[in-house]
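S.K.: Questions regarding the structure given below will be posed in turn.
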Amino acid sequence: MYMIAYISGRVMFKREETVVLDVGGVGYEAWCPPQILEDLQQGTEQKLYTVHIVREDSQTLYGFLTQGQKELFQLLLGVSGIGPKNALKIMGKVSGGDIIQAIIQQDSSVLEALGIGKKIADRMIVELKGKSISGDGVSGGENKTNGFTDEAQALIALGYTARDVIDALKRTQSSDMNERIKEALKLLGK
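All the letters of the sequence shown, read from the start, carry residue numbers 41 to 230 under our numbering.
Below is the structure:
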């Protein structure tokens, strides 16, 4: 549990890796992935979903535009060997969807291409494989990808992207795995 779930305020200025939001006359500085910093415009009102990390010698805020990005960051922090700065670097180099796909396909080479060592890439796959994945991030919970791990793996093996597969599986109606795959294939074929 984190003390500050989100902050809303005016973007005062950006630095190389941080943004300062004025919230009721108080400036909050938050570390953000590079693509988020690019999207923020000085003088605009912005809401950042935050992770507040308290250490013996510091308190740091990490900010994200969506709850999914925040959840992905939190999951990356749960992997031993990945700290906040490395998690931001990973999120800055690859989309949540690509991370999801690498984990589902157990493809550590995608993660290694980001500059992550083989040991940590393998550990990410092992430790995150059982997490429930959604949209632009990930959410904890059942040991299934949106409840569709087997179906997702089968469809991804056919060449569909993880994001398209997950979106299609969410729209299926059947409770039978084979029927869900058939329905998803029809949706993906459109």
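Virtual Cβ for every residue (Gly too), placed ideally from N, Cα, C. Note that the structure is predicted; figures quoted are calculated from it, not measured.
Return yes when the Cβ of Thr90 is within less than 7 Å of the Cβ of Gly103, no when it is not.
M.R.: Translated into the one-based positions of the sequence shown, residue 103 becomes position 63. Translated into the one-based positions of the sequence shown, residue 90 becomes position 50. In this structure, Thr90 lies closer than 7 Å to Gly103 by Cβ.
S.K.: Helix, strand or coil: which one does DSSP assign to Lys87?
M.R.: As a position in the sequence shown, residue 87 is number 47, starting the count at 1. Correct three-state label for Lys87: strand.
S.K.: Would you give the residue range spanned by the alpha helix (DSSP H) that Leu77 belongs to?
M.R.: Here the question's residue 77 lines up with position 37 in the sequence shown. It spans 74-79 - the alpha helix (DSSP H) in which Leu77 sits, taken as one unbroken run.
S.K.: Taking DSSP as the reference, what is the three-state secondary structure of Lys222?
M.R.: Position 182 of the sequence shown, counting from 1, holds the residue named residue 222. Helix.
S.K.: Taking the alpha carbon of Arg163 as the point to measure from, which residue in Gly199, Pro73, Gln81, Leu116 has its own alpha carbon closest?
M.R.: Locating residue 163 in the sequence shown gives position 123, counting from the first residue. Closest option to Arg163, Cα to Cα, is Leu116.
S.K.: Are Ala202 and Ile144 touching if we call contact CB-CB under 7 Å?
M.R.: Within the sequence shown, numbered from 1, the residue matching residue 202 stands at position 162. Within the sequence shown, numbered from 1, the residue matching residue 144 stands at position 104. A contact, by the Cβ cut-off of 7 Å.
S.K.: Can you check which of these residues, Gly67, Ser214, Leu209, is closest to Leu227 by C-alpha distance?
M.R.: Sequence index remark: in the sequence shown, residue 227 carries index 187 (1-based). Considering only alpha carbons, the answer is Leu209.
S.K.: Taking C-beta to C-beta, are Ser148 and Ala161 nearer than 7 Å?
M.R.: The count along the sequence shown starts at 1 and reaches residue 148 at position 108. The count along the sequence shown starts at 1 and reaches residue 161 at position 121. Closer than 7 Å, so yes.
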